[in-house]
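Here's the structure we're looking at; comments come further down.
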Amino acid sequence: MERLDKFLCDSGAGTRSQVKLIIKSGAVTVDGAVERDSSRKIDPQTQEVCLRGERLGGMRRMVIMLNKPEGYVTATEDKQDKTVMELLPQHLLTMDLKPVGRLDKATEGLLLFTNDGALLHRLISPKKEVPKVYYARHEGKATGEDVDAFREGLTLRDGTVCLPATLEPLGAGESLITVCEGKYHQVRRMMASRGMTVTYLERRQEGSLELGDLPRGQIRELTEEEIILLEKTSK
Ligand code: URA
Numbered sequence: 001m002e003r004l005d006k007f008l009c010d011s012g013a014g015t016r017s018q019v020k021l022i023i024k025s026g027a028v029t030v031d032g033a034v035e036r037d038s039s040r041k042i043d044p045q046t047q048e049v050c051l052r053g054e055r056l057g058g059m060r061r062m063v064i065m066l067n068k069p070e071g072y073v074t075a076t077e078d079k080q081d082k083t084v085m086e087l088l089p090q091h092l093l094t095m096d097l098k099p100v101g102r103l104d105k106a107t108e109g110l111l112l113f114t115n116d117g118a119l120l121h122r123l124i125s126p127k128k129e130v131p132k133v134y135y136a137r138h139e140g141k142a143t144g145e146d147v148d149a150f151r152e153g154l155t156l157r158d159g160t161v162c163l164p165a166t167l168e169p170l171g172a173g174e175s176l177i178t179v180c181e182g183k184y185h186q187v188r189r190m191m192a193s194r195g196m197t198v199t200y201l202e203r204r205q206e207g208s209l210e211l212g213d214l215p216r217g218q219i220r221e222l223t224e225e226e227i228i229l230l231e232k233t234s235k
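So the sequence shown is residues 1 to 235, counted in the numbering used here.
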């Protein structure tokens, strides 16, 4: 059994205070009867809760894409810095969303959040080899030898061995890098191991998902079709 207002929050109907008002307004029914008491205990397994006539199913699976701006750390809490959670709108804060992997404070671009633990683990597991594509501006010019070294699997300056990756030079000081794992500062360290300092980094793609024209600092919810495709690329 759980409180009606908590059940509505978990279903994405709004924040706790918004949900209380919604319930008070008479928009919620339990087994067909209007219920205005937020503290009413319900059993989501056996009782039917509707909001404006539409059945709610408890906490639904959600995947959110954020175009992360620089200056935010990928963490749920931080004493010093702004966190990516601060970029989520209020009504999503009750949905138990967690960032999928991490982007550095200075890195921009595609960052996913989900409340589906199994999907989260698949997406960050190097074993599943979900490709992530980064656009980098860097000092120096990537050569054919750098491309080969990435393809063979780089050894970083501290001895860490990386999985084979792709380096695609776009011109002087610009490259696309595709990696299937997410080690700490991975792309910056891979480039540094070849003598190129990264000055700007943006993640543009993760598995089947592209950042597209989502404006910086904005979010969008993935459709069920996009989630299913994402699951396929991580199997
Ligand atoms: N690699 C990095 O170096 N930084 C990121 O934020 C992501 C990948």
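Note that CB positions come from ideal geometry on N, CA and C, so glycine has one too.
Nothing here was measured: the structure is a model prediction, and the numbers come from that model.
- Proximity annotation: the ligand URA has residues L103, D104, T107, H185, Q186, V187 and R188 in chain order, each selected because its CB is closer than 5 Å to a heavy atom of the ligand.
- R3 and E86 have their C-alpha atoms spaced approximately 27 Å apart.
- Non-local beta-carbon contacts of G153 in its own chain, meaning distances under 8 Å to residues more than five positions away in sequence, involve V161, C162, L163, P164 and A165 in chain order.
- Boundaries of the alpha helix (DSSP H) around K20: R16 to K24.
- Under the 10 Å beta carbon count, M190 is surrounded by 16 or more other beta carbons and is classified as buried.
- Taking 8 Å as the upper bound for CB-CB distance, Y134 and L176 are in contact here, some 7 Å apart.
- Around the beta-carbon of T107, 16 or more other beta-carbon atoms lie within 10 Å, marking it buried.
- Relative to the Cα of K183, the nearest Cα in the group V198, R203, I219 and P126 belongs to P126.
- Bounds of the alpha helix (DSSP H) holding C9 are L4 to D10.
- The region 135-148 makes no contact with the region 85-104; the number of CB pairs closer than 8 Å stays below 3.
- By the neighbour-count criterion, in which 16 or more other beta carbons inside 10 Å mark a residue as buried, E202 falls on the buried side.
- Here K68 is actually not in contact with S234; their C-beta atoms are around 20 Å apart, not less than 8 Å.
- The alpha-carbon of L222 is positioned some 37 Å away from that of R194.
- Using a Cβ distance threshold of 8 Å, G101 and L123 count as a contacting pair.
- Per the Cβ contact rule, the region 29-48 is in contact with the region 1-20 (3 or more Cβ pairs under 8 Å).
- Apart from the 5 residues on each side of it in sequence, V34 sits with its Cβ closer than 6 Å to the Cβ of G26 in its chain, given in chain order.
- The beta carbon of Q186 lies closer than 8 Å to those of C162 and V179 in the same chain, with the five residues before and after it left out.
- Under DSSP, C50 takes part in a beta bridge, and its partners are T29 and R55.
- Rounded to the nearest whole angstrom, the C-alpha separation of T197 and D158 is 16 Å.
- Under the three-state reduction of DSSP output, M85 falls in the helix class.
- Excluding the 5 residues flanking it on each side, D43 has same chain C-beta neighbours closer than 7 Å at M1, in chain order.
- In this model, C9 and I23 are separated by some 11 Å (Cα to Cα).
- For K141, the number of other beta carbons within 10 angstroms of its own is below 16, and it is reported as exposed.
- By the neighbour-count criterion, in which a residue is buried when 16 or more other Cβ atoms sit within 10 angstroms of its Cβ, S17 is exposed.
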